[in-house]
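The structure under discussion appears below in the form of structure tokens.
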Amino acid sequence: MSLSTLLSELFSGDETAAESPDTAPEGGENVPSVTVVHECRNCGTNVSAGTTQCPACEGDDIVTYSIE
1 MSLSTLLSEL FSGDETAAES PDTAPEGGEN VPSVTVVHEC RNCGTNVSAG TTQCPACEGD
61 DIVTYSIE
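Per UniProt numbering, residue 1 is the first one in the sequence shown, and the count goes up by one each step.
Next comes the structure, spelled out in structure tokens:
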């Protein structure tokens, strides 16, 4: 899956089972914003932070990406 496809799916809001990415609170000026994405490696579904099994494909390979 390309990064542009991933990002468009993340921010489209079309999937009801997908979780929104977490964004770290901003602490002031010149502090970069960090977005954290928890995703199933098998199907690409976004899941919440504590998820151990994908609700869409039942895969158990969940990864976390931090995007600055």
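Glycine included, each C-beta is placed from N, C-alpha and C at the ideal position.
Note on Cys40: 16 or more other CB atoms within 10 angstroms of its CB, so buried under the neighbour-count rule. Leu10 counts as buried, since at least 16 other C-beta atoms from the protein chains shown sit within 10 angstroms of its C-beta. Apart from the 5 residues on each side of it in sequence, Thr64 sits with its Cβ closer than 6 Å to the Cβ of His38 in its chain, given in chain order. In the DSSP assignment, Glu39 is bridged to Asn46 and Val63.
With contacts defined as CB atoms closer than 8 Å, Cys57 and Asn42 qualify as a contacting pair.
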